[in-house]
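Undergrad:
Numbering (full-length UniProt numbering), first residue to last: 1 to 274.
1. Using the rule of at least 16 other Cβ atoms within 10 Å of the residue's Cβ for burial, across every protein chain shown, is residue 171 buried or exposed?
2. Is it right to say residue 12 is buried, meaning 16 or more other beta carbons lie within 10 angstroms of its own, or is it exposed?
3. In angstroms, rounded to a whole number, what distance separates the CA positions of residue 44 and residue 152?
4. So if DSSP puts residue 85 in a beta bridge, which residue, or which two residues, is it bridged to?
5. Quick one: Cα of residue 144 to Cα of residue 244, how far?
6. I need the boundaries of the beta strand (DSSP E) containing residue 286, first residue and last residue.
7. For residue 274, count the other beta carbons within 10 Å of its own beta carbon; 16 or more makes it buried, fewer makes it exposed. Which is it?
8. Can you have a look at residue 199 and say buried or exposed, based on whether 16 or more other CB atoms are within 10 angstroms of its CB?
9. Grab the span of the beta strand (DSSP E) containing residue 246 for me, first residue to last.
10. Residue 107 and residue 202: beta carbons closer than 9 angstroms?
11. Sorted by chain position, which residues of the same chain lie with C-beta nearer than 8 angstroms to residue 162's C-beta, five sequence neighbours on each side aside?
12. Measuring straight from C-alpha to C-alpha, what distance separates residue 67 and residue 173?
13. In chain order, what residues of the same chain have a beta carbon less than 6 angstroms from the beta carbon of residue 238, not counting five sequence neighbours either side?
14. Between residue 256 and residue 156, what straight-line distance do the alpha-carbon atoms span, to the nearest angstrom?
15. Can you give the Cα-Cα distance for residue 251 and residue 102, rounded to whole angstroms?
16. What are the start and end residues of the beta strand (DSSP E) that includes residue 67?
17. Measuring CA to CA, which of 18, 92 and 56 is closest to residue 27?
18. Using 10 angstroms around the beta-carbon of residue 17, count the other beta-carbons present and answer buried if the total reaches 16, otherwise exposed.
19. For residue 204, does the three-state DSSP call read helix, strand or coil?
20. Name the DSSP beta bridge partners of residue 7, please?
21. Can you look up residue 58 in the DSSP assignment and give me helix, strand or coil?
22. Would DSSP call residue 114 helix, strand or coil?
23. Bridge partners for residue 281 per DSSP, in chain order?
24. Between the Cα of residue 10 and the Cα atoms of 260, 121 and 25, which residue gives the shortest distance?
25. Go to residue 152, then tell me how far its alpha helix (DSSP H) extends in each direction, as first and last residue.
26. Express the C-alpha separation of residue 65 and residue 117 in angstroms, rounding to a whole number.
27. So, residue 246 versus residue 254, is the Cβ gap smaller than 9 angstroms?
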């Protein structure tokens, strides 16, 4: 349900397997709330491509957008809309997002919101128009498959070889461990020095491995706390020194202490995920 009544709906679709593991579940949304909605969106370790085709998105301190690209971000943001909005969100691993962003370096998008047309050209506007004209969500998700496969083929034809294998392996190790693995262990597994890994990882992913690990650890902590784990237990399972360390890191990244965050999460309108 939406805050204050009305109706908020989610629609999910699995991407074509040929697109690989770097593209998360398609998330369509439609809100007919009738009143403004807001939600705190925490850092997720993903690049978000949100294509709207009805209503405007409002980002506190960043104006209004119909569609937007959100690079990897290291602090929470407040997003909202006027009550009626429709669109679809793609959550992309940074190494997958590179395929679609042409010559734009991911470091240029870190902690940044941008109009997709400024990053990817007019083709995103064409896609938004086609999505709006599609009769339903199955057709929209099929259109996304077709479009992303074509963009991937175009990137490959243009010579995009993707990230270095060692960078991709480092990403996978950090993701698999939810940020708990020490960076020196990650570097050793790739065969690179820690300094070289940090430099290349930042260039090709948009954040250094330590900062990404911090975000992944936060996301695991949020999941565990939401499922009912006690803070002390969560701190131990996620690799924090103690509960105080968890609380400090949590507050630094979300702007709220864990207890307040969980209370607000339970009453806010979940119209878009972080």
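Note that beta-carbon positions come from the ideal geometry of N, C-alpha and C, so glycine has one too.
TA: On the basis of the data shown:
1. Walking along the chain shown from the start, residue 171 turns up at place 171. Per the 10 Å Cβ criterion, buried.
2. On the chain shown, position 12 is the one that residue 12 refers to. It counts as exposed.
3. The sequence position of residue 44 within the chain shown is 44, counting from 1. The sequence position of residue 152 within the chain shown is 152, counting from 1. Rounded to the nearest angstrom, the gap between the Cα atoms of residue 44 and residue 152 is 23 angstroms.
4. Against the chain shown, residue 85 aligns to sequence position 85. Residue pairing by DSSP places residue 85 opposite 31 in a beta bridge.
5. By one-based count along the chain shown, residue 144 stands at place 144. By one-based count along the chain shown, residue 244 stands at place 244. When rounded, the distance between both Cα atoms is 44 angstroms.
6. The chain is shown only over 1 to 274; residue 286 falls outside these bounds and no answer can be derived.
7. Residue numbering aside, residue 274 sits at position 274 when the chain shown is read from its first letter. In this prediction, residue 274 has a pLDDT of 35, which is less than 50 and means its spatial position is unreliable; nothing more can be read from the coordinates.
8. Start at 1 with the first residue of the chain shown, and residue 199 comes out as number 199. Here residue 199 is exposed, its C-beta having fewer than 16 other C-beta atoms within 10 Å.
9. Counted from its first residue, the chain shown places residue 246 at position 246. Unbroken run through residue 246 is the alpha helix (DSSP H), 243-254; no beta strand (DSSP E).
10. To locate residue 107, count along the chain shown from 1; it is residue 107. To locate residue 202, count along the chain shown from 1; it is residue 202. For residue 107 and residue 202, yes; Cβs fall inside 9 angstroms.
11. Taking the first residue of the chain shown as 1, we reach residue 162 at position 162. Result list for residue 162: 95, 98, 99 and 168, in chain order.
12. For the purposes of this step, residue 67 is taken as residue 67 along the chain shown, with counting starting at 1. For the purposes of this step, residue 173 is taken as residue 173 along the chain shown, with counting starting at 1. If you draw a straight line from the Cα of residue 67 to the Cα of residue 173, it is about 32 angstroms long.
13. By one-based count along the chain shown, residue 238 stands at place 238. Setting aside the 5 residues that flank it on each side, residue 238 is surrounded in the same chain by 217, 220 and 221, each with a C-beta closer than 6 angstroms to its C-beta; the list follows chain order.
14. Taking the first residue of the chain shown as 1, we reach residue 256 at position 256. Taking the first residue of the chain shown as 1, we reach residue 156 at position 156. Each residue's Cα considered, the two are about 42 angstroms apart.
15. Indexing the chain shown from 1 puts residue 251 at position 251. Indexing the chain shown from 1 puts residue 102 at position 102. Within the model, the alpha-carbon separation for residue 251 versus residue 102 is close to 35 angstroms.
16. Residue numbering aside, residue 67 sits at position 67 when the chain shown is read from its first letter. It is not in any beta strand (DSSP E) - residue 67 carries neither H nor E in the DSSP assignment.
17. Locating residue 27 in the chain shown gives position 27, where the first residue counts as 1. With respect to the C-alpha of residue 27, the residue from 18, 92 and 56 having the closest C-alpha is 92.
18. Residue numbering aside, residue 17 sits at position 17 when the chain shown is read from its first letter. Answer is exposed; the Cβ neighbour count stays below 16.
19. Here residue 204 corresponds to residue number 204 of the chain shown, with the count starting at 1. DSSP, reduced to helix, strand and coil, places residue 204 within a helical segment of the structure shown.
20. Along the chain shown, one-based indexing puts residue 7 at 7. Note: residue 7 sits in a beta bridge opposite 32.
21. One-based indexing of the chain shown puts residue 58 at position 58. Three-state DSSP puts residue 58 in a strand.
22. Residue numbering aside, residue 114 sits at position 114 when the chain shown is read from its first letter. Looking at residue 114 - three-state DSSP - the assignment turns out to be strand.
23. Outside the displayed range of the chain (1 to 274) lies residue 281, so it cannot be described from this structure.
24. Against the chain shown, residue 10 aligns to sequence position 10. Nearest option by C-alpha distance: 25.
25. As a position in the chain shown, residue 152 is number 152, starting the count at 1. Annotation: the continuous alpha helix (DSSP H) that includes residue 152 extends over 137-157.
26. One-based indexing of the chain shown puts residue 117 at position 117. One-based indexing of the chain shown puts residue 65 at position 65. Answer to the nearest angstrom: the Cα atoms are 11 angstroms apart.
27. Indexing the chain shown from 1 puts residue 246 at position 246. Indexing the chain shown from 1 puts residue 254 at position 254. No; because the gap between Cβ atoms is not below 9 angstroms, this pair is not in contact.
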